[in-house]
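In the UniProt record's numbering, the protein residues as written are 1 to 234.
So this is what it looks like as structure tokens:
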């Protein structure tokens, strides 16, 4: 009875041709998919990105040997690096760069629980906007939901990581040596804050890569639910 009434209402506003066009535009295999399934599909996609991509960053060289997220020196210290290399201190410059990335790798291991809590909170309204949004809409949602908490989590870990490997002393040595070079302007950057910010950028970059894969490649939708949900945005 409900279906008959629905068809009747449709025909009040649409002719046969227009109605057929509406039906043709519906993605195949998505009729009957519920709001809860759509929200769960987005959660699954984000969890897949976290599992596949974020975990890669937490291992040794996860940042240092990944050109997409490798942490380079802040602008203030690029001139320091160049000067050190110009005077034959390449090893010191290389070590300074490596320890920034090691600290980020140490911190990322703490990200997953915060991400999982954020993903659990996705509602249907969130999911609807994300699904029909840009290729990184889900990642942007996750960034807005987690960035502040992750910063607070990452920052002390990175600071402790610096201390653990003697990075604070290494950088103090680098900066002190640079500041004693004639005709240079003294620098004193906050490397803990800088590395924390760069680590966060790296995390969201890798999640966005996985999201784009799922959105644009049917083969990356490895479950029936992902296939059905993301067919809605194709």
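The C-beta atom is built at its ideal place from N, Cα and C for all residues, glycine as well.
Looking only at 119, 129, 105 and 226, the smallest Cα-Cα distance to residue 66 is reached by 105. Between residue 72 and residue 107 the beta-carbon gap is near 17 Å, outside 8 Å, which marks them as no contact.
Short of 7 Å from the beta carbon of residue 196, and not among the five residues preceding or following it, lie these beta carbons of its own chain, in chain order: 151, 154, 155 and 158. Of the other Cβ atoms in all chains shown, fewer than 16 fall within 10 Å of the Cβ of residue 36; this residue is therefore exposed. With fewer than three CB-CB distances shorter than 8 Å, the segment 121-130 does not count as touching the segment 79-97.
Uninterrupted alpha helix (DSSP H) stretches at least 4 residues long and entirely within the segment 140-215 occur at 167-179, given in chain order. Counting C-beta pairs closer than 8 Å gives fewer than three between the segment 130-138 and the segment 86-106, which falls short of the contact rule. Secondary structure of residue 56 (DSSP, three-state): helix. Contact between the segment 212-231 and the segment 58-65 is absent: fewer than 3 CB-CB pairs across the two stretches fall below 8 Å.
Residues 228, 229 and 232 of the same chain have their beta carbon placed closer than 8 Å to that of residue 33, with the five preceding and five following residues left out of the count. The shortest C-alpha to C-alpha distance from residue 133 to any of 164, 161, 211 and 194 is the one to 211. When only Cα atoms are considered, residue 111 and residue 173 end up about 31 Å apart. The three-state secondary structure of residue 222, taken from DSSP, is coil. Setting aside the 5 residues that flank it on each side, residue 221 is surrounded in the same chain by 214, 227 and 230, each with a C-beta closer than 7 Å to its C-beta; the list follows chain order. Excluding five sequence positions before and after residue 47, the CB atoms of its chain that fall closer than 7 Å to its own CB belong to 119, given in chain order. Here residue 116 is exposed. Its C-beta has fewer than 16 other C-beta atoms within 10 Å. Within the model, the alpha-carbon separation for residue 100 versus residue 160 is close to 12 Å. Nearest in C-alpha terms to residue 166, of all of 98, 113, 146 and 178, is 98. As the crow flies, the alpha-carbon of residue 45 is around 16 Å from that of residue 113. Counting the other Cβ atoms within 10 Å of the Cβ of residue 53 gives 16 or more, which makes it buried.
Under the three-state reduction of DSSP, residue 99 is assigned to helix.
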